[in-house]
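Encoded as structure tokens, the structure appears first; notes follow it.
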Amino acid sequence: MKRSLVKCALAIILGISAVSSAQAPRKGGKGGQSGGGGEPMAQQFIVLAKQLAIFFKDNPFKIQLPFAADDFKNKVEQLDKSLQIAGEKALVEFTEDILRDYAGKEKPALFDRLDSSVLVNRTAWLNYSKDPEGRLALVTKEIAGLVGVNDYRYEESLKIVHNRAALILSIPLNEKDEDNGSNSSSGMRIVGQDHKQFDRINEADVLIDGGILGTGDANNQRVDKFLNNPSQDEEWYEAVQLAWKKNRAAYFLLAGPDGNTASISSIYPAQWASKETGLGMYSLMFVKYKQIYDGPCVGTAKSLSALERLKNCFLSQNHYGAYDTLSDQKYATPVTPQSIADALRSVTTDFKGRLLYLFAWDKRVLQAAIRDNFIVNYSSLAIPLYESRILSQTLAAHGLVPSLVGPFAATPFWVKTSKQPISAIRTFTALKTLADLGLSFMDSGTQCVLGEEKYRGPQLIAQSKIRELYNGPEETCHSIYYRLPRDIESELFPTMIKAGFYFDYDNKTWRYEPKEKPAR
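In terms of this note's numbering, the sequence shown has 510 at position 510, counting the first letter as 1, and numbering is strictly consecutive.
So this is what it looks like as structure tokens:
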């Protein structure tokens, strides 16, 4: 049966010509039609482009770039100029429209060499808010297209920035940029934010120390309870509201157990152009890029207060790089005690979700959790972009869930429960089935060629074939095109069914019976 299954899976291999987005059809964007600053997202795009330009020019890792660093830098300056000069057409625009290339493929962004412009889908950009590498890769890909790089794929740009996001995002910009109120003391340009707010924190401010996440210490447990239900902690709840009455932010400082990560966040009263009032939330995530062997800045050290640790360790840039995330929550007017309570509960829920993403869902933590619990890792059976999703679904299938508290045994942020979501079980058992049959799941949005064979996903192929595709020369498609969303289930399950499998819910296993599938 195994041999016939391999033949069946290989029989669905398709071959379709590759498509370039350089000459793709475009629709007009909303906002940013003329220069003079552009919309905040366009400014975010330019900030990342500037930091990338400096990184490529310095090229500290001797990366083989597909473009000249000077050409990239000059194109970024042209894009930036279009946003700064009033009356000039903005060359970076954002739109609510779905963007498609000539083949009808949905794209997160399109470039146009004729007018040197970039059009970005607003939703796609927001989807990258928790994926700094993905956002940097997207910016790199579009500008590479503008400077003349043909058939340049997202995966290729992702390789350039992989594991370098913290370094790139901590690159300070030129002095001339500081006058526009967008540079932070940590070397970051933060559009629409008060770039000095963390420097100005003093003893009179509300600075809540959440302790070292994943250790289960008193502060760790207290901040977790507060984020679940702010009003149950009367002291912190009153302190936070008092800060807002003074039109000041309330700050939260949290650290990872190994000292590799930390975050400082502010929750502040805000008013939007529509005159609606609400709570804004803004965070800096600190990532250690220099080893700290001893001293007060070590992750577990407690000799410094929260304020001293913030000032002397994280903001100093001696050991940490930083990147920012932004999320706003609104509550209805007129302001009432109940509306404030509802808004705070909403914003803290979002805040906790972000912390879980930054700490518990980190790929290194996921890998460690699987290793420490002796769970088989099948993530190599799909393209690398699915790795984190496969790892998290694998943990969920074995009854492990993310948490900010502890104490834990070997792996922080994951605890054992009796919950085993059926969707996670389907994913894990599907990959286990493929592993037993020597197959891999491939999801390629472009043509891949190996010898005289052509591949296009989603499909099941022999593991040996996918290794050849990844490890072969450029033309074999070792870089796989990224398609939104990164949801392996939505592609894996239909592909399994198409190849003749069905999921047996009673026994929670995948079976191969192409002619008879039980009704469900």
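The beta carbon of each residue, even a glycine, is placed where N, CA and C say it ideally should be.
Note that this is a predicted model, so its numbers are computed, not measured.
Which residues does DSSP pair with residue i in a beta bridge?
| i | result |
| --- | --- |
| Val401 | Val415 |
| Gln459 | Met442 |
| Tyr502 | Arg511 |
Count the other C-beta atoms from every protein chain shown that fall within 10 angstroms of the C-beta of residue i, then say buried if there are 16 or more, exposed otherwise.
| i | result |
| --- | --- |
| Ile370 | buried |
| Leu213 | buried |
| Asp112 | buried |
| Tyr102 | exposed |
| Trp510 | buried |
| Ser231 | exposed |
| Gly259 | buried |
| Asp487 | exposed |
| Tyr505 | exposed |
| Asp209 | buried |
| Glu308 | exposed |
| Asn202 | exposed |
| Gln338 | exposed |
| Ile340 | buried |
| Asp436 | exposed |
| Glu133 | buried |
| Arg135 | buried |
| Gln271 | exposed |
| Asp70 | exposed |
| Leu126 | exposed |
Taking residue i as the reference, which of the options has the closest Cα?
| i | options | result |
| --- | --- | --- |
| Phe55 | Ala124, Ile390, Gly104 and Leu167 | Leu167 |
| Leu242 | Ala499, Val206, Leu356 and Lys275 | Val206 |
| Leu79 | Asp115, Ile98 and Lys105 | Asp115 |
| Tyr579 | Thr348, Lys419 and Arg135 | With the chain represented from 1 up to 520, any question about residue 579 goes unanswered, as that position is not in the structure. |
| Asp224 | Val120, Pro108, Tyr282 and Lys352 | Lys352 |
| Phe525 | Val401, Ser392, Ala255 and Leu404 | This structure does not reach residue 525, given that the chain is present from 1 up to 520, and the question cannot be answered. |
| Lys288 | Cys313, Asn219 and Leu304 | Cys313 |
| Ala343 | Ala306, Leu404 and Met281 | Met281 |
| Gln84 | Lys57, Gln43 and Lys62 | Gln43 |
| Leu279 | Trp361, Arg345 and Ile461 | Arg345 |
| Asp58 | Gln420, Asn373, Cys297 and Ile171 | Ile171 |
| Ala262 | Phe252, Met41 and Phe67 | Phe252 |
| Lys522 | Phe441, Lys465, Asn507 and Gln463 | Outside the shown range of the chain (1 to 520) lies residue 522, about which nothing can therefore be said. |
| Thr433 | Ala165, Glu77, Val161 and Ala462 | Ala462 |
| Asp350 | Ser265, Lys141 and Gly104 | Ser265 |
| Gln197 | Lys311, Ser305, Leu52 and Gly148 | Lys311 |
| Lys62 | Asn127, Ile160, Thr215 and Leu48 | Ile160 |
| Lys245 | Asn150, Glu142, Pro269 and Phe226 | Pro269 |
| Trp361 | Leu381, His398, Thr394 and Pro402 | Pro402 |
| Arg222 | Ala109, Leu404, Phe501 and Arg122 | Leu404 |
Which of the three DSSP states is assigned to residue i in this structure?
| i | result |
| --- | --- |
| Gly210 | strand |
| Thr348 | helix |
| Leu138 | helix |
| Lys62 | coil |
| Arg164 | coil |
| Asp362 | coil |
| Ile201 | coil |
| Ala382 | coil |
| Asn74 | helix |
| Ile171 | coil |
| Asn312 | helix |
| Ile54 | helix |
| Gln420 | coil |
| Asp607 | Residue 607 falls outside the range modelled here, since the chain spans only 1 to 520, and no answer is possible. |
| Ser303 | coil |
| Asp487 | coil |
| Val47 | helix |
| Ile375 | coil |
| Ala368 | helix |
| Ile480 | Residue placement at Ile480 is flagged as unreliable, the pLDDT there being 44, under the threshold of 50; the coordinate-derived value follows with that caveat. Coil. |
| Thr394 | helix |
| Pro337 | helix |
| Phe67 | coil |
| Leu437 | coil |
| Pro40 | helix |
| Pro296 | coil |
Closest Cβ-Cβ distance between residue i and chain B: below 8 Å?
| i | result |
| --- | --- |
| Gln420 | Looking for chain B here will not work: only one protein chain is present. |
- Message: Quick check on the DSSP output: what are the complete beta strand (DSSP E) runs of length 3 or more inside the region 223-292, in order along the chain?
- Response: 250-255, 261-271 and 277-288
- Along the chain, which unbroken stretches of the beta strand (DSSP E) at least 3 residues long are found entirely within the region 79-163? 92-95, 109-112 and 117-121
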